[in-house]
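Number of protein chains: 4
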Amino acid sequence: MMIDECILSPTAFLTAHRPDLPHPDLLKTYESFWRERGQLVSDAVDRMGTPWLRMFDEQGRRVDEVCYPPDYWTMLREGYRAGVIWRCFQEESLLPFFLLGYVTCFFDPGLYCPHTVSMSTAVPLYKYGAEAVKARFLPPLVAQDDSVWQGATWMTESGGGSDLGRGVETVARLHGDGWLLDGDKYFASNAHADLAVVAARPDGAPAGVRGLALYLVPRRRADGSLNFTIRRIKDKIGTRSVPTGEVELRGSKGYLLGTPEMGIYLILETLNISRIANSVGSAALAQRAIADAYTFARERIAFDRPIADHPLLARQFDERISGLRRAFALAWEAVDLLNSVWKETPRYSDRYHLFRLAAHLAKFWTAEFAAQTAKWAMEVYAGVGTLQENRVERWLREAMILAIWEGTPHRQMLDGLEVIERNNAHRLLIDHLGDRADPQAAESIMERIDDLLALPQDEKEAGIEPVFRELAEFTAGALAFHRQS
Amino acid sequence: MMIDECILSPTAFLTAHRPDLPHPDLLKTYESFWRERGQLVSDAVDRMGTPWLRMFDEQGRRVDEVCYPPDYWTMLREGYRAGVIWRCFQEESLLPFFLLGYVTCFFDPGLYCPHTVSMSTAVPLYKYGAEAVKARFLPPLVAQDDSVWQGATWMTESGGGSDLGRGVETVARLHGDGWLLDGDKYFASNAHADLAVVAARPDGAPAGVRGLALYLVPRRRADGSLNFTIRRIKDKIGTRSVPTGEVELRGSKGYLLGTPEMGIYLILETLNISRIANSVGSAALAQRAIADAYTFARERIAFDRPIADHPLLARQFDERISGLRRAFALAWEAVDLLNSVWKETPRYSDRYHLFRLAAHLAKFWTAEFAAQTAKWAMEVYAGVGTLQENRVERWLREAMILAIWEGTPHRQMLDGLEVIERNNAHRLLIDHLGDRADPQAAESIMERIDDLLALPQDEKEAGIEPVFRELAEFTAGALAFHRQS
Amino acid sequence: MMIDECILSPTAFLTAHRPDLPHPDLLKTYESFWRERGQLVSDAVDRMGTPWLRMFDEQGRRVDEVCYPPDYWTMLREGYRAGVIWRCFQEESLLPFFLLGYVTCFFDPGLYCPHTVSMSTAVPLYKYGAEAVKARFLPPLVAQDDSVWQGATWMTESGGGSDLGRGVETVARLHGDGWLLDGDKYFASNAHADLAVVAARPDGAPAGVRGLALYLVPRRRADGSLNFTIRRIKDKIGTRSVPTGEVELRGSKGYLLGTPEMGIYLILETLNISRIANSVGSAALAQRAIADAYTFARERIAFDRPIADHPLLARQFDERISGLRRAFALAWEAVDLLNSVWKETPRYSDRYHLFRLAAHLAKFWTAEFAAQTAKWAMEVYAGVGTLQENRVERWLREAMILAIWEGTPHRQMLDGLEVIERNNAHRLLIDHLGDRADPQAAESIMERIDDLLALPQDEKEAGIEPVFRELAEFTAGALAFHRQS
Amino acid sequence: MMIDECILSPTAFLTAHRPDLPHPDLLKTYESFWRERGQLVSDAVDRMGTPWLRMFDEQGRRVDEVCYPPDYWTMLREGYRAGVIWRCFQEESLLPFFLLGYVTCFFDPGLYCPHTVSMSTAVPLYKYGAEAVKARFLPPLVAQDDSVWQGATWMTESGGGSDLGRGVETVARLHGDGWLLDGDKYFASNAHADLAVVAARPDGAPAGVRGLALYLVPRRRADGSLNFTIRRIKDKIGTRSVPTGEVELRGSKGYLLGTPEMGIYLILETLNISRIANSVGSAALAQRAIADAYTFARERIAFDRPIADHPLLARQFDERISGLRRAFALAWEAVDLLNSVWKETPRYSDRYHLFRLAAHLAKFWTAEFAAQTAKWAMEVYAGVGTLQENRVERWLREAMILAIWEGTPHRQMLDGLEVIERNNAHRLLIDHLGDRADPQAAESIMERIDDLLALPQDEKEAGIEPVFRELAEFTAGALAFHRQS
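Protein chains in written order, with the working numbering: chain B, 1 to 485; chain Y, 1001 to 1485; chain E, 2001 to 2485; chain L, 3001 to 3485.
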């Protein structure tokens, strides 16, 4: 079997599918780091399992250090140094963030999370921070050396994350000229971050999602003491390169971003970034799973030939790669859209609503593709694919997290339905695709959507899945076909 | 949402879907054991990871003990005592094996493996063992107390398991009036078994799969010394309740089962049992994943109601349960067919060929359904579903092993294609379904198969997947519809 | 080499050295449980490491369950059922507690800790509890079936345990007719206990150790909610059969025992019990280490004979066993003294002061002997003694904890010095030994002590070690000689 | 309390106690590496436990890779680059090996083992290798860059290590112009070494220790295939920075070093190096334990002052440091003696016999001191010293291995007795000490030894312990006193 060897390298795949790729040498160098050292570090971190949290030092003082092996920090900082954050602010473009992220995720989808939440902290600070707050906290986030700070985005509490209006019980109280936060965050990615953006309800604000505001919370108070504590690191099945913790805010100093009334918009804007990062990462993970399966299959002999040459498997490889091209195209279209709207503030443009639908489609579709591809890659390996030592099983663990965090499939479908209903985003999408899409197919899917929208609310929701899936496939197909031709 | 509560209990689901269920009280009692104690033991075994192999005692003597906690043995033997093996030989029916297995797999799909390989050892010994060998080794396998022996089936070597003719390098040499085996088994389930059936090539036998024979190999020689050693326990992602090892045969005493010429038939017959066990286990696992998702969803509140009542999720529950009924029906049809042919020896009847196709369809389809259902259940849990502490992620790990061992999807499809081509098994299947199947649909699928069979070999293999999938869906649907109505 | 085989069994050793042994059959039965099942469970618990704390259930509700394998509970409750607590209250004697404890510690020194802290909870409740409190909480502690409650004693906080007056920052406030406690306990043995006795400072009480009071704190409030939370289980090197946690008291309901003014006496009385338990456990551990070393050495061959027969090693065995007899005699003398004073309340008799000196000597000397013996046993095993799989290294880990908790050697010496100075306890001891001690040796040691007492305070403390050690050796020797003759 | 701060740094302590210290800047730089990065890596390696052995790659090919995190190799190679091996051959002095080793062991006593066995491989190759063998294998062992090879010394088999004549069952057979080895090594330190020296019995050689020869065995054959396999990595309680394995030699190519008749001498010469390395490491570990205890004690407050200032503890610190000076002096005297005899070949000089007694005394005494000091340091930490997270417990685990490997105390005493009897080594020692020793004390100890030697053999052995201990204390005291004055 002959497949395009660009499948084996994330930079090569990017180059082949985005002809105008900026920073190609940077990406190549970054990929080299991963091949020579990063992958081994990542393997060791994954094998070690949930990292150890050192809560107290030997004198009984609370310290809350997440004890990764020292190499972890090397691996993590390689991306910061390469410019996953600082280049974006220098170039006023999110592309470096997503390009470097694609390479990162080919080797370790979990490690992109610290980068992502750092970006999701920097952006609202950049857009909505008071000048003094910005002057103090933005420079360390965009530092080009190892003094760089990390960010984090903490919304979810123990009651669940989809219904934030109900779930967020953290309260912020005015104290002097600042705010003090009290509450528990249950899924706190990058729990040892230097700086976090945190959803909380200002004391006296209305119930529900409209009463939430977004605060910047540093790890240490001015006097060096801990501004929040980490209750534990969660024992996730994957993405062990990001320490996801439970965080206890107890009179924690916070800085309001924007106004309390805008809080929910700011929260959703941070989700925009992480959902697109999730899509890009899903595509990269799927590429990696195919690459590993291919590397394995051309070496494994059965019935006198490499199993990659067995007709059934060969056909499956063709289909997987073709699927990857579609998922990849969808993810990167969402990137480009985000890159054109990321500085918008409410009230948003139609392009922003178009972006939002693209984001839901991309998050949903690429994660599903990544999970199915990882599962299939394990089946290609057969027995040895079920062993922890052969790494391919890791991709499924990682993919399942990609499928779930930043909103499960249900959330993407229902939020997608909302932006379709409220903002006619499906029509904006068809317009945006223009002659990249087959007009007849486009018309047909528009009709199906219109039929759905005519139903009572419960039936709309009950019926969204096949329609949404079709819209995702249609869009991905149109974009991939266009790119190829 | 109201769903049929029988989904929450394996015995209740069996009762609802097999009205003539034998041993209902036995099953209820066995399920009670699992609820009260077994599940906790199983959770602990899974959490402990790959069990420790004590290779040497403190005096440096090789001992090869697999160090499970003592409770493991309680859990394991509960099934033996209940009659997972002995009842079958007492009743001359495999039903007790599969019924108890269904309950076992609802709680621990990995634990059914020791039972299955014990059965897969007992059956060929019963059918093909020389009288003296049978007299010596069968009674301990069917013991009703805790003196019961365990069996094991060891075929695969390090080069892979699908092409046994190439992969088996273990050699058997005549020595005196017996055989001595030398070789390494790479996936040796239940590695600490008292007795194993082992594929090996008699010295001088022809290359390829026709040169293989099946041997009975006890753990200890007559003098009490170890007859084989365990190199290590493999670090699987799941099914940690069965110790899968690598076994080194070094001059290991073996007893030939049947004749060398019949070897490959005996090997395939052991696979018959384990593939059907795999199907039954897959159905049970899928039921469990749905049950857990439902238990979770009716407690978890979002947007002012249990998420089980959200229209999109409610629809998904309906579809999953409907899918389970089809997978369940297919698995149990395969059970009933096996139960009618399991004593056949070559040359086999048409009913045996019909069974073989049913077995491939069931193994393929039920495992796929189990994996997809486990994935979906994790998504229902959302964030907390990615945590090791909440058990639901375990079902996906277990399901992925069910999807792979006893033959990957590729193997099922290609072997299914073979029995279709050689034995017209697809027509035997349609005949067997009779008026349970929709005639038009049946005709249509027969046509598609005939079209496929008319293609050159490579294209046949390349094209089997959608056809095979359709045949599985069709069969499962027909059987489920019939059972319901 | 011929050694007295009673070294191999705790019951046999007890029988040989306490001719009037009560409950010999009970002890034999209890020892049989350990040989048949308990030891395997204990090995598995030790191998699993720090037990997993399930803090939240899948719905995000705080649950704080310590996840031992189910067998752990069987092992733990075997002692409760045998009467480690209830028999003492039935017989008004602590002997059953210490006798069963000796057997427990031969197999698992850590498991005696839950029993010990249960006793240390029951005794102050029995002696000082208000009638209503006693009526409610004592019966479950002395239940004879598996409904039995466990106790716990929580004094130490993160600043260290020896200076309680400074270390205890937990505060108790009157609220209605009861008390609410707030603070963090840093070494909370048996953290999942149903009931704990907790040191706290009543709001407004004076600083220092005189301001402390002792409270009874149940795990659950009347409404079933958790009355305290467990922050984490500590990662100890040994005694993994007791979950030592960090406990957070946050408005936790407490019941005052005795009066606030008596608090420090009550605290010290609980320490009396655990220090003697520690001494008994140390003797049992030392016996076990010798037993294991002997079992090993008579099997291991070097230079054509068992190493147990090598002259150097044979001499070491003789010395170890002789040392064990002395340590054993000292520990049990302390038991008998405690048994005669345990119901005293302040102001205490001279016999109580005599007991206190005996307790300090016994805690100090037996733990030191246990640690040295465990170290020596590892050296007998040589290379294989450094492997986790051969269990002997465990005794050293366990022994180090026995040497440290309930007060390090420094604490025993300094507190021993205090009771000598204040209460002339050394003279009470010599009188108590009577003609069991050699009069000349007694006179000589009394002189050394008097010389020491004549020094300035700093020099007294600096010089206590050799004197205290000699007094311990002298006392142990006198008692052992007497018992033998 | 004021203690000499040089206790806190290995280089400072070396500088203070060896005024003529070579390479002080090299040592400082090397110590800096450890403080900045090495210690963190070492902590992570220890926390990870026994490293994972990857036996097979995903294609089922045997690979036997020991999977440390990448940082491990950085840490390990830092010493090689600094010159722990190559400098010795450049300078024709073993001092660089021991000086760098002292610094290494202050931070990680286990990591010095790979360096030590590399040296113990290079030395016999250098002294006894045939020219062609030396030309091929010595250069990679003394390479100055990261291409450096590692060595290993594998003697012990499963029956135990003290009686090599009985224990070694590995056989070497002539095959063509070379040797093939078959056997199992049970304690194979640095199991993944590139090159090992291996004790084996040439086919037909006499039984007993005189029939053993020493072979050089490379990891790979000329064709790149594995020349031996690793059965497993042993689960030691400490020294996890060296992978100790079980090695299977199966027709493994070996190169004879020296002649078969000289084998036992070559074996003992490799032990000379590792025993002295063990002594140096024990001194360094003891210094570290004191340093950690001091660092802790001057921060921990109890009764209103740092516990380091409590009179009892202050006195213990003084005694520990004084003990360290004696142990240090004894270890380095043994180093200097070895450095003057390491190139000798049989028949040996009197100086060599003197060295041997010094080696036995040093190995015995320093390891005992290290273990007792580590135990004491844990007691200084009290409760927090029993927690894995506070590192001090590690020193006891490491110390117990130092006490046992390279010969237990029993072995040192009995071999010391032998060299005293056969070679009058005690008189050589007294002569060597000259006026550094108190003449009266010297005379008294000589008398005690002569009395002992006059006894029958069994009584001599039974009585050696107190005499040997006294000789060690006496020698260490004399050397330390001399150095100080």
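Note that beta-carbon positions come from the ideal geometry of N, C-alpha and C, so glycine has one too.
I want to see whether chain E comes within less than 8 Å of residue i, judged by CB atoms only; does it?
i, result
"G3323 (chain L)", "no"
"G60 (chain B)", "yes"
"G159 (chain B)", "yes"
"R1300 (chain Y)", "yes"
"L3396 (chain L)", "yes"
"F3317 (chain L)", "no"
Is residue i helix, strand or coil when you go by DSSP?
i, result
"H2175 (chain E)", "strand"
"W3052 (chain L)", "strand"
"D2458 (chain E)", "helix"
Determine the chain Y residues that contact residue i at a beta-carbon separation under 7 Å, and present them in chain order.
i, result
"F3186 (chain L)", "Inspection of the sequence shows that residue 3186 (chain L) is occupied by Tyr rather than by Phe. Going along chain Y in sequence order, the residues near Y3186 (chain L) (Cβ under 7 Å) are G1060."
Please confirm if residue i has its CB atom under 8 Å from at least one CB of chain B.
i, result
"A3297 (chain L)", "no"
"M2055 (chain E)", "yes"
"T1156 (chain Y)", "yes"
Chain B partners of residue i, CB-CB under 7 Å?
i, result
"P3069 (chain L)", "V41, A44, P69, D71"
With which residues is residue i paired in a DSSP beta bridge?
i, result
"W1154 (chain Y)", "Y:V1198"
"L2216 (chain E)", "E:V2197, E:Y2255"
"I2301 (chain E)", "E:P2306"
"I233 (chain B)", "B:G245"
"L2402 (chain E)", "Note: L2402 (chain E) sits in no beta bridge, so no partner."
"C3067 (chain L)", "L:W3052"
Hey, is residue i's beta-carbon within less than 8 Å of any beta-carbon in chain L?
i, result
"T171 (chain B)", "Here residue 171 (chain B) turns out to be Val, not Thr, going by the sequence shown. For V171 (chain B), the answer is no, since every Cβ of chain L falls outside 8 Å of its Cβ."
"F1089 (chain Y)", "no"
Taking C-beta pairs closer than 7 Å, name the residues in chain L that residue i reaches, listed in chain order.
i, result
"M48 (chain B)", "M3048"
Along chain B, in chain order, which residues have C-beta atoms closer than 8 Å to that of residue i?
i, result
"R2232 (chain E)", "M55, R232"
Along chain Y, which residues have their Cβ under 9 Å away from the Cβ of residue i?
i, result
"W235 (chain B)", "Rather than Trp, the amino acid found at residue 235 (chain B) in this sequence is Asp. The contacting residues are L1387, Q1388, E1389."
- Taking Cβ-Cβ distances below 8 Å as the criterion, which residues of the stretch 2031-2042 of chain E are in contact with chain Y? So the close ones are R2037, L2040, V2041.
Just by C-beta distance, which residues in the stretch 363-379 of chain B are closer than 7 Å to chain Y? Near chain Y, meaning a CB-to-CB distance below 7 Å, the residues of the stretch 363-379 of chain B are A371, K375, M378, E379.
**Asked** Relative to chain E, which residues along the stretch 3381-3394 of chain L have a C-beta separation below 9 Å, given in chain order?
**Response** Going along the stretch 3381-3394 of chain L in chain order, one finds Y3381, A3382, G3383, V3384, G3385, T3386, L3387, Q3388, E3389, E3393 with a Cβ nearer than 9 Å to chain E.
Please name the residues in the stretch 3466-3482 of chain L whose beta-carbon is closer than 7 Å to at least one beta-carbon of chain Y, in chain order.
-> Answer set for the stretch 3466-3482 of chain L: empty.
task = Select from the stretch 3410-3429 of chain L all residues with a C-beta closer than 7 Å to any C-beta belonging to chain E, and list them in chain order.
result = If the cut-off is 7 Å between Cβ atoms, the stretch 3410-3429 of chain L has H3410, M3413, L3414 near chain E.
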